[in-house]
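Letter by letter, the sequence shown follows residues -19 to -1, 1 to 168 in mature numbering (1 follows the signal peptide of the UniProt record, and there is no 0). Read the structure below first, then the notes.
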Amino acid sequence: MQLSLVANVFLGLCLSVAAYPTNFTRAPIIVDNPSKLFEAHLLEKNSTTIRGALNIWGRSVGVKVHADFWGLPREKALPYHIHARRVPENGSCEAAGPHLDPYNRGEYPPCNTTHPETCQVGDLSGKHGPMYTAVFESFEAEYPDHFLSTDPDSPAYFGDLSIVVHGTNGERLNCGNFVLKQTGTEY
C-alpha cells in the first residue's frame, strides 16, 4: 500500500513537470519601458454586440493595462489576447494570426495564472482572468503586466499588433489594432 502511494505521488510529480512545454523560454520581466500609451478599440461589427477598448501604457516595470468592454454575452467567461499581426482593413479577426508568443510557449497546457512568466506574452486573460459579466454589466479591469513592452526593439512589443476577443469555443468575436496615443508622459 505504501509503495503504491509513493508510486502515485512520483507519477503525479512527473506529469506536472511534463505539463509545461520544454522548448520555450520563461518571459522576462520588462524594465525601463518607454513611457508610451497605446490604445486598441474593437471594431464596429454587425456580427457582434461586443465593443470596447484596451489601453496599455509603459511603466518602469512592465505596463499597466486598462480593459473596458461591453455588450458581452452574460455569464460567459471570454478570453482576450494580444495577437501577432494587425487586423487588415477588411476587419478579418482571423487574419490577426496567433497569440503574441515570442518565447515559443505554445497554447497547451492552458496558462497558469500563478506562473504568468510561463504564459504566452499576449495571453492577457490567461495571466489576469477572462472577461465575465452579469446581465447588463460591462467588464472593466486594471492591472499590471510585467511581461509586455512598449519598446519596438523588444520581442514582447505589442504596439503594432492587435487585440482579439474570443468566444468560449475559441471563435474570434471582435478585434482591433493598437495605435500610439501619447508618448513621453508618466501615466
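Where a beta carbon is used, it is the ideal one built from N, C-alpha and C, also for glycine.
Anticipated Cβ contact below 8 Å, residue i with residue j, distance rounded
i	j	result
Thr131	Pro15	5 Å
His47	Glu123	5 Å
Arg66	Leu154	With 8 Å as the limit, Arg66 and Leu154 do not qualify as a contact, their Cβ atoms being about 17 Å apart.
Leu23	Gly157	5 Å
Asn85	Asn4	6 Å
Ala21	Phe120	Actually they are not in contact, since the Cβ atoms of Ala21 and Phe120 sit about 15 Å apart, beyond 8 Å.
His64	Gly78	6 Å
Exposure label - residue i; buried when at least 16 CB within 10 Å
i	result
Phe128	buried
Ile37	buried
Asp82	buried
His96	exposed
Gly103	buried
Gly43	buried
Arg55	exposed
Lys108	buried
Gly165	exposed
Thr99	buried
Asp13	exposed
Ile10	exposed
Tyr89	exposed
Gly39	buried
Gln163	exposed
Leu105	buried
Gly110	exposed
Bridge-paired residues (DSSP) for residue i
i	result
Tyr84	None, per the DSSP bridge assignment.
Pro125	Lys45
Ile144	Ile63, Gly157
Ser130	Tyr138
Asn36	Glu20, His47
Phe120	Phe50
Val12	Val42
Thr164	Lys17
Cβ-heavy atom distance, residue i to the ligand FAD, below 7 Å
i	result
Thr114	Although the ligand FAD was asked about, the structure shown includes no ligands whatsoever.
Any C-beta of chain C under 8 Å from that of residue i
i	result
Gly87	Going by chain labels, chain C is absent from the structure shown, which holds only one protein chain.
At a cut of 8 Å, does the stretch 70 to 80 reach the stretch 114 to 124 through at least three beta carbon pairs? no
Can you find at least 3 beta carbon pairs, one from the stretch 54 to 61 and one from the stretch 146 to 157, that sit closer than 8 Å? yes
Pair every Cβ in the stretch 43 to 53 with every Cβ in the stretch 21 to 34, then say whether three or more of these pairs are closer than 8 Å. yes
For the stretch 85 to 114, which segments carrying the alpha helix (DSSP H) assignment without a break, of at least 4 residues, lie completely within its bounds, in sequence order? 105 to 109
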